[in-house]
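Student: Here the sequence shown stands for residues -21 to -1, 1 to 149, numbered as in mature numbering (1 follows the signal peptide of the UniProt record, and there is no 0).
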Amino acid sequence: MTFHFSALAFAAAALGLVALAGCDAQRISELQPGVSTEADVRDRFGAPETIWDEADGARTLEYNRQPAGQINYMITVGADGRLVAVRQVLTAENFARITPGMDMALVRRSLGKPAKVIPYRLSGETHHDWRFIEPPNVPKVFTVVTKDGSTVLRTQIGPDMDAPENKGGR
């Protein structure tokens, strides 16, 4: 009976993640750079997690899919109110830009809100985790480790043990 319940829970979680990803793809396909407006973005995605003001008058709307999802979108709207770009920011290229000594505010601005933040009292470290998919379809976690909570000490990538596909046998 336990196996049956675990298999059903796994299937439901996997289906939910696929449906969410499918909904996002549909929403994105309905937007056109230079034509769609911030109102169009909000109609499709709702209220953003955070709004980042850019130096040129543009605004970047953060649509975070953490902690259950594995994607974070940054959608930039120009000073004229028209869509400029839709970016999925949890990528190897963006992770490579996170380096020791970097301010965590810049990391947060680059990657969006993490899935979880875990303080480790004995070591004095804090781990900031972002769930993502490593191509072709491997669930992983990108971790930024800080010592003082505000400066990157190191980064690491490991398996996402909370991903539904890794919980099937538990």
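Just so you know, even glycine gets a beta-carbon here, dropped at the ideal spot from N, CA and C. Since the model is a prediction, treat every value here as computed from it, not as a measurement.
With distances taken between CB atoms, is the gap from Ile30 to Leu40 smaller than 7 angstroms?
Tutor: Here the question's residue 30 lines up with position 51 in the sequence shown. Here the question's residue 40 lines up with position 61 in the sequence shown. Cβ distance < 7 angstroms, so Ile30 and Leu40 count as in contact.
Student: With three or more C-beta pairs closer than 8 angstroms as the rule, is the region 110 to 121 touching the region 46 to 65?
Tutor: Enough Cβ pairs lie closer than 8 angstroms, so yes.
Student: Report the three-state DSSP secondary structure of Gln11 (helix, strand or coil).
Tutor: Along the sequence shown, one-based indexing puts residue 11 at 32. Gln11: coil per DSSP, three-state reduction.
Student: If Met53 and Arg61 are in contact, beta carbons under 8 angstroms, what's the gap, nearest whole angstrom?
Tutor: Translated into the one-based positions of the sequence shown, residue 53 becomes position 74. Translated into the one-based positions of the sequence shown, residue 61 becomes position 82. Going by Cβ atoms, the distance from Met53 to Arg61 rounds to 16 angstroms, so no, they are not a contact pair.
Student: Label Phe(-17) either buried or exposed according to how many other C-beta atoms from any shown protein chain fall within 10 Å of its C-beta, with 16 as the threshold for buried.
Tutor: Taking the first residue of the sequence shown as position 1, residue -17 is located at position 5. At Phe(-17), the pLDDT of 37 sits below 50, so the modelled position is not reliable and the matter cannot be decided from this model.
Student: Determine whether the beta carbon atoms of Lys119 and Ile136 lie at a separation below 7 angstroms.
Tutor: Walking along the sequence shown from the start, residue 119 turns up at place 140. Walking along the sequence shown from the start, residue 136 turns up at place 157. Taking 7 angstroms as the Cβ cut-off, Lys119 and Ile136 qualify as a contacting pair.
Student: So, with DSSP's three-state summary, where would you put Asp19?
Tutor: Taking the first residue of the sequence shown as position 1, residue 19 is located at position 40. Helix at Asp19.
Student: Can you give me the C-alpha to C-alpha distance between Thr105 and Val86, rounded to a whole angstrom?
Tutor: If you number the sequence shown from 1, residue 105 lands on position 126. If you number the sequence shown from 1, residue 86 lands on position 107. In a straight line, the C-alpha of Thr105 is about 14 angstroms away from that of Val86.
Student: Confirm, please, whether the CB-CB distance from Asn145 to Gly91 is below 7 angstroms.
Tutor: The sequence position of residue 91 within the sequence shown is 112, counting from 1. The sequence position of residue 145 within the sequence shown is 166, counting from 1. Taking 7 angstroms as the Cβ cut-off, Gly91 and Asn145 do not qualify as a contacting pair.
Student: Apart from the five residues just before and just after Val124, which ones in its own chain have a Cβ nearer than 6 angstroms to its Cβ?
Tutor: As a first step, residue 124 must be located in the sequence shown, where it is residue number 145. If we look at Val124 and ignore the five residues flanking it on each side, its Cβ neighbours are Glu104, His106, Leu132, Arg133.
Student: Got a sec, what are the start and stop residues for the beta strand (DSSP E) Arg61 sits in?
Tutor: Translated into positions along the sequence shown, residue 61 becomes position 82. Arg61 -> no beta strand (DSSP E), and no H or E assigned at all.
Student: Kindly list the residues whose CB is nearer than 6 angstroms to the CB of Ser129, restricted to its own chain and excluding five residues on each side of it in sequence; keep chain order.
Tutor: By one-based count along the sequence shown, residue 129 stands at place 150. Once the five neighbours on either side are set aside, the close Cβ partners of Ser129 are Met83.
Student: Using the C-alpha atoms, what's the distance from Pro12 back to Val56?
Tutor: The sequence position of residue 56 within the sequence shown is 77, counting from 1. The sequence position of residue 12 within the sequence shown is 33, counting from 1. Using only the alpha carbons, I get a separation of about 9 angstroms.
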